[in-house]
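FYI, the numbering used here numbers position 384 of the sequence shown as 387, with every residue one higher than the one before it.
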Amino acid sequence: MDRPAVLVLAATRYQMPFILRAREMGWRVVTLDNRPENPGHAAADSCHSFSTTDVEAVLEVARSEKVEGILAACTDVAVVTAARVAQRLGLPGQPVDGVEILGSKRAFREFQSAAGLPHPRWQAVVSDGCEACIAGARLFKPDIGSGSRGVVRVESDEDSRGLVELASRASANGAVVVEEVLEGIQVTCEGIWDGSGIVQALVTERLQAGVRHPATRGHRVPSGLDTEAEGRVASSAGQILGLLKLKPCLFDMDAVVLQDGMCVVLELAPRAGGNCLARLMESVLGYDWTGAALHLALGQPPPAPAPRKAQAGLVEILGAARPSVLAYDPGAGEKLKSQAGWLSALELDVPPGSRVSARVDGRTRCGEVVLSAETREQAEERLAWVLREIRLEFHGLSGDEP
């Protein structure tokens, strides 16, 4: 019997768990990514160097490789490509019009407004100074982007010149939106949508790396919300997925819970989340999240999750506050991974002694930690212990260094 073949769009470290899991399941894995050095290519049965947004190239690869499904996990810009190619080849996939709405910040805000759903005040901008109607703190965002690239926060009286151009360069279509900053608890909801309702969901508190560049720094479980508030968060995702008539999928949603308890959805994607969320889901729920994503990519129902209360746990995305030299003990890290059963992942992206940039988005990270615990407090203690054990430090560069 021929092995099922899946085309994985993108081959970065975030797609690696899905690639390796597919190989464990006996599937044939085809990767497509325009960076030949990305690690997923070496782990695949065959690989192709094209952009994940090049629909015609992806179509030709999917056709020639005779794949039975297309997976766009942990990447926003490939979701629309996957839907378009699946539609043209008659493969399992999401409705193109629905994912196009979710993939554009402008289209999604227009959808929220038309549906009467809460959303931040926002405006499409084409040049500096056009955002005058958005008072107070505001965010400049690429209309179509991923990994927080080009996202910058400015305060009410701060000069915003140059930020439209910055966000435009990071936007796949060059368009930019500016929206108000909503103060509240930042959360992420990962879940399974079966086409009519949510059958599994986990709400995390989403920590941001900084005020100016609010990229994701990590996730914490439990979220700090009560059960009722977490239920409202999950219901917000289900409402949108239902209105857009999405087919069964994993989903990843960022939202903010305001002081009055209202959940305002910031973005939603019908895919597994990035920033190690699949590893966190498997660590705290004991459910094969990567396997579920693969089954859904082939149009197969995933195994039913067993009812279970999530353990406490966290993801910490490591990064520098300013340009630095990274220092750590790699031997200590390997020892910890072999001894601490609660440590799901400990990875440093570059060798000790490497220069690292200040963290401003998902590409300027330098490592990750994923772990579980009995309580959130214990999870934080374990994280601090891990970082001490590996002697992680960021040494500032002297002013006279080139």
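Heads up, the beta-carbon is just placed ideally off N, CA and C, and yes, glycines get one too.
Secondary structure of Phe21, DSSP reduced to three states: Within the sequence shown, the letter at position 18 stands for residue 21. Helix.
Report yes if the C-beta distance between Leu74 and Ala300 is below 8 Å; otherwise report no. As a first step, residue 74 is located in the sequence shown; it is residue number 71 there, counting from the start. As a first step, residue 300 is located in the sequence shown; it is residue number 297 there, counting from the start. Cβ atoms of Leu74 and Ala300: closer than 8 Å.
Could you round the C-beta distance between Leu249 and Pro273 to whole angstroms and report it? I think they count as a contact, below 8 Å. As a working mapping, residue 249 is identified with position 246 in the sequence shown. As a working mapping, residue 273 is identified with position 270 in the sequence shown. Yes, they are in contact, since the Cβ atoms of Leu249 and Pro273 sit about 5 Å apart, within 8 Å.
Assigned secondary structure, Ser151 (DSSP; H/G/I helix, E/B strand, else coil): For the purposes of this step, residue 151 is taken as the residue at position 148 of the sequence shown. When secondary structure is reduced to three states using DSSP, Ser151 falls in the coil class, being assigned neither helix nor strand.
Contiguous alpha helix (DSSP H) assignments of at least 4 residues, all confined to the segment 217–281: Counting whole runs of 4 or more residues, the segment 217–281 contains the alpha helix (DSSP H) stretches 230–246.
What are the partner residues of Arg358, as DSSP defines its beta bridges? In the sequence shown, the residue the question calls residue 358 occupies position 355. Arg358 is bridged to Val328.
Rounding to the nearest angstrom, what Cα-Cα distance links Leu269 and Ser116 in this structure? The residue you call residue 269 lines up with position 266 of the sequence shown. The residue you call residue 116 lines up with position 113 of the sequence shown. Using only the alpha carbons, I get a separation of about 13 Å.
Relative to the alpha-carbon of Glu308, which residue among Trp345, Ala237, Glu350 and Trp196 has its alpha-carbon at the smallest distance? Counted from its first residue, the sequence shown places residue 308 at position 305. Per the sequence shown, the amino acid found at residue 308 is Pro instead of Glu. Measuring from the Cα of Pro308, the nearest candidate turns out to be Trp196.
Which two residues bound the contiguous alpha helix (DSSP H) that contains Glu337? Position 334 of the sequence shown holds residue 337. Here the alpha helix (DSSP H) through Glu337 covers Pro333 to Gln342.
From the DSSP output, in three-state form, read off His398 for me. Working through the sequence shown from its first residue, we reach residue 398 at position 395. If DSSP states are grouped into helix, strand and coil, His398 belongs with the strands.
Range covered by the beta strand (DSSP E) that runs through Val373: Start at 1 with the first residue of the sequence shown, and residue 373 comes out as number 370. For Val373, the enclosing beta strand (DSSP E) starts and ends at Gly370 to Ala376.
Quick check on Trp292: does DSSP put it in helix, strand or coil? Residue mapping note: residue 292 aligns to position 289 of the sequence shown, counting from 1. In this structure, Trp292 counts as helix in the three-state DSSP scheme.
Around the Cβ of Val9, are there at least 16 other Cβ atoms within 10 angstroms (buried) or fewer (exposed)? Taking the sequence shown and counting its residues from 1, one reaches residue 9 at position 6. Under this definition Val9 is a buried residue.
Could you have a look at Gly72 and say whether DSSP puts it in helix, strand or coil? Here residue 72 refers to the residue found at position 69 of the sequence shown. The answer is strand: DSSP assigns Gly72 an E or B state.
Which stretch, first to last residue, makes up the alpha helix (DSSP H) that contains Ala315? Numbered from 1 along the sequence shown, position 312 holds the residue referred to as residue 315. Following the DSSP letters along the chain, one finds Ala315 in no alpha helix (DSSP H) but inside the beta strand (DSSP E) bounded by residues Ala315 to Leu321.
Check the C-beta distance from Val318 over to Leu283 and give it rounded, since I have them as a contact under 8 Å. Taking the first residue of the sequence shown as position 1, residue 318 is located at position 315. Taking the first residue of the sequence shown as position 1, residue 283 is located at position 280. So it is a contact: roughly 5 Å between Cβ atoms.
Once DSSP output is grouped into helix, strand and coil, what is the label at Val287? By one-based count along the sequence shown, residue 287 stands at place 284. For Val287, the three-state secondary structure derived from DSSP is helix.
Alpha helix (DSSP H) segments (min. 4 residues) lying fully within the segment 47–117: The segment 47–117 contains these whole alpha helix (DSSP H) runs: 58–67, 80–92 and 99–106.
According to DSSP, Lys144 sits in a beta bridge with which residue or residues? Here residue 144 refers to the residue found at position 141 of the sequence shown. Paired residue(s): Val180.
Extent of the continuous beta strand (DSSP E) run through Arg31: Locating residue 31 in the sequence shown gives position 28, counting from the first residue. For Arg31, the uninterrupted beta strand (DSSP E) run begins and ends at Arg31 to Leu35, by DSSP.
Just checking my contact of Leu166 with Val157 at CB under 8 Å: how many whole Å lie between their CB atoms? Looking up residue 166 in the sequence shown gives position 163. Looking up residue 157 in the sequence shown gives position 154. Separation of the CB atoms of Leu166 and Val157 is rounded to 7 Å, and the pair is thereby assigned contact status at 8 Å.
Ser278: buried (16+ other C-beta within 10 angstroms of its C-beta) or exposed? Start at 1 with the first residue of the sequence shown, and residue 278 comes out as number 275. One point to set straight first is that residue 278 is Asn, not Ser, in the sequence displayed. Asn278 is buried by the Cβ-count criterion.
Own chain, CB closer than 7 Å to Cys369, minus 5 neighbours either side, in chain order: On the sequence shown, position 366 is the one that residue 369 refers to. The answer, listed in chain order, is Leu321, Gly322, Ala323, Leu329, Leu351, Asp352, Val353 and Val359.
Residue environment, Pro251, which counts as buried when at least 16 other CB atoms sit within 10 Å: On the sequence shown, position 248 is the one that residue 251 refers to. Buried, by the Cβ-count rule.
Gln342: buried (16+ other C-beta within 10 angstroms of its C-beta) or exposed? By one-based count along the sequence shown, residue 342 stands at place 339. Exposed: under 16 other Cβ atoms inside 10 Å.
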